[in-house]
Structures are given as C-alpha cells and as structure tokens.
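Heads up, the thing below is written out as structure tokens.
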Amino acid sequence: MHHSRRFGTHAAGVATKFGLKKLAMLVQVLTLFPRLINDFVALGLPRIAIEKGALSVQSVDLRGFTHDVHRTVDDRPFGGGAGMVLMCAPIVDAVEALEQDPQTLLQHGVAHRVLLTPRGRRLDQRKLRELAKVERLLLLCGHYEGIDERVRLAMPWDEISIGDFVLSGGEPAALALLDGVARLLPGVTGDPESTVHESFEDDLLEAPHFTRPREFRGMAVPEVLLSGDHAAIGRWRHEQSWLITEERRADLLQARAARHAATEGKPWIE
Ligand code: ADE
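So for the sequence shown, this note's numbering puts the first residue at 12; every next one is plus one.
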C-alpha cells in the first residue's frame with residue numbers, strides 16, 4: 012500500500028482540564044493526482060486549519076492500490092463509447108484499506124464517504140456546515156469518463172457536485188469542498204462573525220467592501236462607512252445585500268421566502 016505525503020499529526024486528543032480536546036478533523040482524499048491535493052493543502056487556507064490543529068489531510072494515490080506492473084486504474088467502457096472508466100477494484104480496495112486501519116478508526120471513527128461527481132447533489136453553504144461537523148471525511152475524485160457503477164453499489168456514498176458543469180476530474184471539486192469546510196472549522200478564521208455574516212449564510216449576497224484609500228480614481232468610499240455609526244453601517248450593508256441579491260440572484264430570495272413561510276409562518280421581510 013502506498014500513501015503519499017501526510018500532513019498534520021494524529022495525536023489521540025489532548026487532555027485539558029475540561030477533558031479531552033476534540034481531535035482534528037481527518038480528510039482523506041483518494042485521487043489519481045495526489046500532488047494537486049498536497050500542493051493546495053500546503054499553500055491554501057487548509058494549511059492554516061492544519062497548523063491550528065483543526066484539520067489533518069491525507070492524499071492517497073489510487074495507483075497504490077493496483078495489482079499490475081502498469082498500475083492500471085482505468086479501462087474501456089463495456090458497450091463502447093468514448094473515454095475510459097475508472098475500475099472498481101483499486102477504488103474499493105483503497106477505501107477498505109483506509110477504513111480498516113485500526114488506529115485511524117480509533118482516533119477519527121468511521122468515515123463519511125463523499126464522491127465528487129456532476130451527478131451528485133449540488134454543494135451549498137448549508138451542506139458545508141453539515142460536513143464541517145463530521146470527524147472524518149473520505150473524498151473520492153472521479154476521473155476520465157466516469158467510475159464503474161459498482162463502486163456506488165458496493166458501499167454508500169454521499170454524491171456531491173459543485174455545480175452544473177463538467178470538470179475533467181473530481182480534484183478541483185474536492186479542493187473546493189475542502190477549502191469551504193476548512194474555513195468553517197472552529198478557530199480557523201479567528202473571527203466567527205466573518206463566517207456568519209457572509210454570502211449565502213442568510214441566503215443573501217454580501218454587501219460591497221472597501222479599504223484604503225478613501226478615494227480611488229475619482230471613486231469615493233460610501234460616506235456611511237466612514238461615519239463610525241455601527242447601526243447605520245449595519246443597515247446600509249443589509250440594504251446593499253438585498254439590492255445586489257435582488258439584482259443578481261432573485262432565486263435566492265424566492266427560496267428564502269419559501270423557507271421562512273414554511274418554517275415560521277412569520278413575515279419574511281425584516
Ligand atoms: N467531477 C466532474 N465534474 C464535477 C462537478 N461539477 N462536481 C463535482 N465533481 C465533478
């Protein structure tokens with residue numbers, strides 16, 4: 012079995028005077044391109060989560076679970092057609108090897124399996140929040156024209172798509188998911204507010220941001236932001252959020268209205 016570079020450490024929880032500190036979330040990424048995952052994790056936001064002890068990432072090379080000298084992971088589709096299909100055995104063997112590792116099982120529990128595929132349910136901020144609570148994720152990146160259907164039949168998968176478009180492989184989707192989850196882990200962004208009042212958390216897009224200088228090429232920063240009046244600034248931002256959401260994503264407002272009507276029976280406009 013071949014594992015590529017590992018990140019983070021796997022201490023069995025840290026004892027504190029309040030008991031056992033929660034372990035880092037473990038994300039194992041099963042891929043044909045482990046370097047893509049390693050480089051992203053070494054450079055991007057997940058690195059911060061790892062350094063803060065909230066996250067541990069392992070990229071696992073599917074080719075490490077092949078049995079022939081050519082390390083074959085794909086084959087031509089039965090029935091004909093373009094492209095190649097990822098074979099069952101290397102994937103299922105890899106998943107079983109990872110899941111049966113007793114030490115990982117002891118430390119992180121049973122993995123929540125995620126298959127990145129355009130056939131999956133569309134990822135959104137709510138789903139990211141749900142995934143951020145899981146202690147162990149196994150992400151499987153598809154490739155070529157697809158994955159032998161029996162991988163899905165052999166074991167349950169949470170099938171997730173990052174949008175209605177087709178990528179050549181699941182890696183960018185896995186990285187998008189990993190990034191979105193990592194920034195939600197406790198202690199990672201430092202400011203819990205910064206993940207609460209942002210696009211999509213309330214089904215609204217974010218208000219515009221400004222920083223220095225106060226004037227750039229004749230464009231001035233809105234006066235209210237310089238006023239120091241936090242209530243007024245809050246109202247302005249809320250109003251801007253509504254305006255930009257109405258203009259660009261009326262579908263979000265409709266979904267919001269439907270949900271509020273269904274769950275609260277209260278008027279949904281504040
Ligand atoms: N693999 C290829 N396209 C994808 C998509 N849109 N989402 C998730 N995984 C994918």
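Glycine residues also receive a C-beta, built at the ideal position from the N, C-alpha and C atoms.
Separation of GLY120 and LEU37 (C-alpha to C-alpha, rounded to the nearest whole angstrom) is 10 Å. In the structure shown, VAL106 adopts helical secondary structure according to DSSP, grouped into three states.
Annotation for VAL145 indicates a beta carbon at 7 Å or more from all heavy atoms of ligand 1. Exposure of THR274 is indicated by the presence of fewer than 16 other C-beta atoms within 10 angstroms of its C-beta. For the pair LEU97 and VAL71, the CB atoms are not nearer than the 8 Å cut-off. When secondary structure is reduced to three states using DSSP, VAL192 falls in the helix class.
Counting only the Cα atoms, ASP104 lies some 14 Å from LEU149. Straight-line measurement puts the Cα of PRO88 at about 22 Å from the Cα of PHE176. Here DSSP, grouped into helix, strand and coil, assigns GLY131 to strand.
Using a 10 angstroms sphere on the CB of GLN69, the tally of other CB atoms reaches 16 or more, which defines it as buried.
Closest in alpha carbon position to GLY180, among MET166, LEU34, LEU43, is LEU43. Set against 7 Å, the gap from the CB of ALA108 to the closest heavy atom of ligand 1 is not smaller.
The beta carbon of LEU116 is closer than 8 Å to those of GLU110 in its chain, skipping five residues each way along the sequence. Every alpha helix (DSSP H) stretch that sits fully inside the region 144 to 175 and reaches 4 residues is listed by chain position as 160 to 165. In this chain, the beta strand (DSSP E) harbouring VAL68 covers 66 to 72. With a cutoff of 8 Å on beta-carbon distance, LEU151 and VAL192 are scored as not near each other.
Looking at the backbone, the Cα of ALA108 and that of ARG163 are separated by about 17 Å. Within its own chain, the residues whose Cβ lies closer than 6 Å to the Cβ of ILE173, once the five positions on either side in sequence are excluded, are LEU134, ALA184, ALA187, listed in chain order. Sixteen is the threshold: when 16 or more other Cβ atoms of the shown chains lie within 10 Å of the Cβ of ALA122, as they do, the residue is buried. Just so you know, the alpha carbons of GLY55 and GLN39 end up roughly 17 Å apart. Among the bridge pairs identified by DSSP, GLY181 is matched with none. Taking every residue with its beta carbon within less than 6 Å of a heavy atom belonging to ligand 1 gives, in chain order, LEU127, THR128, PRO129, GLY153, SER172, ILE173, GLY174, PHE176, VAL177, LEU178, GLY181, ALA184. In the three-state reduction of the DSSP assignment, PHE51 falls in the helix class, which pools H, G and I. With a 10 Å radius around the Cβ and a threshold of 16 neighbouring Cβ atoms, ASP79 comes out exposed. With distances taken between CA atoms, ALA218 lies nearest to ARG259 out of GLY131, PHE76, ARG259, THR128. The three-state secondary structure of LEU97, taken from DSSP, is strand. Counting along the chain, THR256 sits inside the alpha helix (DSSP H) bounded by residues 241 to 259. Membership of GLN136 in the alpha helix (DSSP H) is indicated by the continuous run 136 to 142. Closest in C-alpha terms to VAL145, from the list VAL199, GLY245, LEU195, ALA266, comes LEU195.
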